[in-house]
Amino acid sequence: MAALPVLLGGLAISGGALALKKYLKPSTVTPYDVVIRINSLTDLSTDGWEIILSQNTNDITPTVATPENSNGVVVAVLGSYNRGKSFLLNQLCNIRLPSNNIIHTEGISITAAREPYKDIIFIDTAGTDTPIRHDKLDDKKATEALLREIALHLCSYVTIVVNRLRMTDQTYIREVLQHITKQPKEKKPEIIIVHNLLDVETIEDINKVIKDEIEDIYGAKLENVRPQINGQVKIIKLYCSSYESINIRHYILAKTGSPAANIWNSQSLDAIMNIFQMDTGNRRSLDVINNIISFVNTKLPQLFLNSDGNGHDSEIEREKLMVDKHVSEPYIVLSHRKELSREDRKTQPFTLKVSPKLIYDDTGYLIGINSIDCGQWQPRYSVYEDADYFKAIVELPGFKQGETRVEMLEDGITIKGNRDDFKKLLNSPVIHDSQIPIGSFKLNIPLRCRIENKEAKLEREDGLFKITCPKKKATVIYLE
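First residue of the sequence shown: 526, per our numbering; consecutive thereafter.
Put into structure tokens, the structure is as follows:
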């Protein structure tokens, strides 16, 4: 459970374990160690997003993340509503829940692998297809889009859970894969599909399902691998397929206790965990809480509008659309409200409205939060660090010198610019496709420690802005 102290370290901001007490609260048995209740984007207008720790964390001493201790495997568990994601986590993490215990996944739910596995974190999100009031549909779509983007941004593996294959599952899987193909090579996660066949019991039936739904539909081929698990070499069966350049592993679970389960379940679960444990080249930061906050801060300015005093929609100042942990309460809140009590946040709401300019894909399952051709967008970027420097690389092709402004703060980078509308190049053009964002942008890149901003350097190369920032050195002053 070495990942759990690092995970909790992202919450212990005021002196280690004592700071965690504000998060602890009585709860039922759950497979999750940390839950961030991102159930609605508009909750940020009042309470914020509550953070809950399970009783599993009571005796854990948090550890501050460092480059040496904070890398591991982060697994996003995806799937439509009621496909068995929580059941799979129980099995992978060896958690025993009371019989008939119903798990309702909220927002972002996070759990760390138990012994003997180390440095593995699972991220589960609220399932799609859950019912909602009509007037909340826009908020729900945008919230679920953000949840999926968070999970895919953080993870090194995507595990998709399906039951007997439906067309909606096929569509969901295709949208996930299409989204992943657009990611840079170094950020593309590995893909696992778990066929959770909870109504299949006999060997004859499961063989038929495998042929119809895995071999025929996905063109998957049976492979035998021989991993070493718990000191013993085991023969593991799995099915492998591909989508464009993405390799996909298929694992099979049958109804617990059935003859089919006796063949498939144990070997599938062992194989999945062994893959996560042995993968040393596909790791991500385990400081998940702070990474979620940083990522959300890049997305919120695209998601919200608010109403000004005249009742007209106006874009919120981006500085007000940043979130942070509350100074004394177990919530993630808007940064400029992190010292307000919950009661004050309720009585003094900050008006938020989900932007009508958001673009979703045709199916509505996996959506890139974007606002193309609406004058509000953000370029993609990556941030790296070593002991002495931060390096930010920002995609800004087509911008000439003087068309952008780069501001170096002590704890972040702000880049502003504007891209002209390409339609102006032609007379009354007919638009067949428009995927290049245009209009103004403002990108805020938060950094996790202070920098020597006067010593920062900018290089422009092949459409990339490469910004190098030396970290501020700690100084000691002796008074005598």
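Every residue, glycine too, gets a C-beta built ideally from N, C-alpha and C.
Under the three-state DSSP convention, the category residue i falls into
{"i": "Ile-773", "result": "strand"}
{"i": "Gly-540", "result": "Note that Gly-540 scores 48 on pLDDT, short of 50, meaning its location in the model is unreliable and no value can be drawn from it."}
{"i": "Pro-556", "result": "coil"}
{"i": "Cys-743", "result": "Sequence check: residue 743 is Tyr here, not Cys. Note: Tyr-743 maps to helix in three-state DSSP."}
{"i": "Val-589", "result": "coil"}
{"i": "Leu-613", "result": "helix"}
{"i": "Asp-898", "result": "Reliability fails at Asp-898, whose pLDDT of 42 lies under 50, so the model's placement of it is uncertain and the value that follows must be treated cautiously. DSSP places Asp-898 in coil when its eight states are reduced to three."}
{"i": "Val-955", "result": "coil"}
{"i": "Gly-535", "result": "coil"}
{"i": "Ser-783", "result": "coil"}
{"i": "Tyr-697", "result": "helix"}
{"i": "Asp-925", "result": "For the sequence presented, residue 925 should be read as Lys rather than Asp. Note: Lys-925 maps to coil in three-state DSSP."}
{"i": "Ser-579", "result": "coil"}
{"i": "Lys-979", "result": "helix"}
{"i": "Gln-703", "result": "helix"}
Nearest residue (CA-CA) to residue i, options the options
{"i": "Tyr-1026", "options": "Ala-912, Ala-537, Ser-611 and Pro-709", "result": "Residue 1026 lies beyond the range of the chain shown here (526 to 1005); nothing can be said about it."}
{"i": "Lys-712", "options": "Val-599, Ile-728, Val-531 and Ile-585", "result": "Val-599"}
{"i": "Ser-880", "options": "Leu-830, Val-908 and Met-847", "result": "Leu-830"}
{"i": "Leu-722", "options": "Asn-755, Ile-777, Arg-691 and Gln-757", "result": "Ile-777"}
{"i": "Glu-920", "options": "Lys-941, Glu-910 and Leu-934", "result": "Lys-941"}
{"i": "Lys-979", "options": "Ser-965, Glu-986 and Gly-937", "result": "Gly-937"}
{"i": "Ala-601", "options": "Tyr-682, Val-559 and Asp-558", "result": "Tyr-682"}
{"i": "Thr-823", "options": "Glu-977, Arg-639, Lys-780 and Asn-969", "result": "Asn-969"}
{"i": "Gly-923", "options": "Glu-738, Phe-947, Lys-916 and Leu-934", "result": "Phe-947"}
{"i": "Cys-994", "options": "Gly-964, Leu-950, Lys-916 and Thr-630", "result": "Lys-916"}
{"i": "Arg-689", "options": "Val-852, Asn-607, Leu-883 and Ile-961", "result": "Asn-607"}
{"i": "Ile-760", "options": "Lys-998, Ser-791 and Val-734", "result": "Ser-791"}
{"i": "Tyr-906", "options": "Asp-812, Ile-735, Asp-584 and Ser-819", "result": "Ser-819"}
{"i": "Ser-783", "options": "Lys-666, Leu-825 and Ile-728", "result": "Ile-728"}
{"i": "Lys-710", "options": "Lys-871, Arg-673, Lys-991 and Ser-770", "result": "Ser-770"}
Residues bridged to residue i (per DSSP)
{"i": "Trp-789", "result": "The partner list for Trp-789 (beta bridge, DSSP) is empty, contrary to what the question assumes."}
{"i": "Gly-964", "result": "Arg-944"}
{"i": "His-720", "result": "Val-687 and Ile-777"}
{"i": "Tyr-914", "result": "Pro-995"}
{"i": "Ala-637", "result": "Ile-646"}
{"i": "Thr-939", "result": "Glu-932 and Asn-969"}
{"i": "Tyr-768", "result": "Ile-771"}
Check whether residue i and residue j have beta carbons under 7 Å apart
{"i": "Ala-528", "j": "Ala-637", "result": "yes"}
{"i": "Leu-613", "j": "Val-531", "result": "no"}
{"i": "Leu-595", "j": "Ser-810", "result": "One detail in the question is off: residue 595 reads as Ser in this sequence, not Leu. Against a cut-off of 7 Å, the Cβ pair of Ser-810 and Ser-595 comes out as a contact."}
{"i": "Lys-996", "j": "Asp-911", "result": "no"}
{"i": "Ser-565", "j": "Asp-694", "result": "no"}
{"i": "Tyr-764", "j": "Glu-575", "result": "no"}
{"i": "Ile-742", "j": "Ala-785", "result": "no"}
{"i": "Val-931", "j": "Leu-972", "result": "no"}
{"i": "Ile-717", "j": "Thr-684", "result": "yes"}
{"i": "Pro-826", "j": "Leu-794", "result": "no"}
Residue i beta carbon near the ligand FMN (any heavy atom closer than 6 Å)
{"i": "Thr-630", "result": "The ligand FMN is not part of this structure, which contains no ligands at all."}
Practice item. Mind listing, in chain order, the continuous beta strand (DSSP E) runs of no fewer than 3 residues lying wholly within the stretch 799-883? Key: 829-832, 848-850 and 856-859
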